[in-house]
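Here is the structure we will look at, set down as structure tokens.
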Amino acid sequence: FRSALGDYYHFKIFTKHKLEKNFFHDVDIVAIPGGFGDADSYDYLLKHGHAPRIRNFIASGGRYLGICMGAYWADHNYLNILDGVEAQQYLKRPGTDTRRPHAKNMPVNWQGNRMNMYWYDGCALVGDRRRFTTVATYANGDAMAIYQNRIGLIGCHPESEKHWYDAYSWMRKHWHHRQHHELLLDFVNDLMHR
Numbered sequence: 395f396r397s398a399l400g401d402y403y404h405f406k407i408f409t410k411h412k413l414e415k416n417f418f419h420d421v422d423i424v425a426i427p428g429g430f431g432d433a434d435s436y437d438y439l440l441k442h443g444h445a446p447r448i449r450n451f452i453a454s455g456g457r458y459l460g461i462c463m464g465a466y467w468a469d470h471n472y473l474n475i476l477d478g479v480e481a482q483q484y485l486k487r488p489g490t491d492t493r494r495p496h497a498k499n500m501p502v503n504w505q506g507n508r509m510n511m512y513w514y515d516g517c518a519l520v521g522d523r524r525r526f527t528t529v530a531t532y533a534n535g536d537a538m539a540i541y542q543n544r545i546g547l548i549g550c551h552p553e554s555e556k557h558w559y560d561a562y563s564w565m566r567k568h569w570h571h572r573q574h575h576e577l578l579l580d581f582v583n584d585l586m587h588r
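The sequence shown runs 395 to 588 under this note's numbering.
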């Protein structure tokens, strides 16, 4: 996040450790980025009552940004902050163009612009499309990035760094030269005005 948004937003990081009573007092957005791991990380990272405090923060007018794992965590199985939307594994969706969870340069349509974006077992956001605004879709038409009220979710990784691509020889040529960081900044700026 910092590489993509650090020149525009101030960050206050929380971890698995207990939070101060007024931690969210001067916070505008709770942002949960993608991560390498599994669903068990939720219980590990959001212990000490973090989840109810995040839900209360959103209910009190705060915003939530979830990318990949953070988008999954908005679902009813975790934070339960969405209305009529589910975060489902894209690789298990009808018409998907992948059945493997590994890093890929996935084709997406971001506000009418076709491009490829870093993906690592990201979610599709499925539900009644009248309940959310779609920003980007996957090749099968499933929503990849959405807004629902003050919640913004993205299944792929616009925050991806060059070293993510360099880690896989076949991905190096697909580095986006920070163009996806600009998309993420626009997405967050729009979320701030909701």
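In this text, a Cβ means the ideal position worked out from N, Cα and C, and glycines have one as well. Since we're looking at a predicted model, the values are computed, not measured.
Exposed or buried, residue 407, counting other C-beta atoms within 10 Å across all chains shown (16 or more means buried)? exposed
Does the distance from the C-beta atom of residue 552 to that of residue 585 stay below 8 angstroms? no
By Cβ distance, which residues of its chain are closer than 7 angstroms to residue 469, with the 5 residues on each side in sequence left out? 476, 480 and 481
Leaving out five residues before and five after residue 439 in sequence, what residues of the same chain have Cβ atoms less than 8 angstroms from its Cβ? 409 and 410
Which first and last residues belong to the alpha helix (DSSP H) in which residue 452 is found? In the DSSP assignment, residue 452 falls within the alpha helix (DSSP H) that extends over 444-453.
Option in 514, 525 and 557 with minimal Cα separation from residue 427: 514
Same chain, Cβ closer than 8 angstroms to residue 421, five either side skipped, listed in chain order: Once the five neighbours on either side are set aside, the close Cβ partners of residue 421 are 406, 451 and 456.
Apply the 10 Å Cβ neighbour rule to residue 474 and answer buried if 16 or more other Cβ atoms are within range, or exposed otherwise. With fewer than 16 Cβ atoms within 10 Å of its Cβ, residue 474 is classed as exposed.
Along the chain, which unbroken stretches of the alpha helix (DSSP H) at least 4 residues long are found entirely within the stretch 522-576? Along the stretch 522-576, the alpha helix (DSSP H) occurs as fully enclosed runs of 4 or more residues at 556-560, listed in sequence order.
Return the chain-ordered ranges of every alpha helix (DSSP H) run that is complete within the stretch 452-532 and spans a minimum of 4 residues. 463-466
Buried or exposed by the 16-neighbour rule on C-beta atoms within 10 Å, applied to residue 560: exposed
Bridge partners of residue 425, per DSSP? 459
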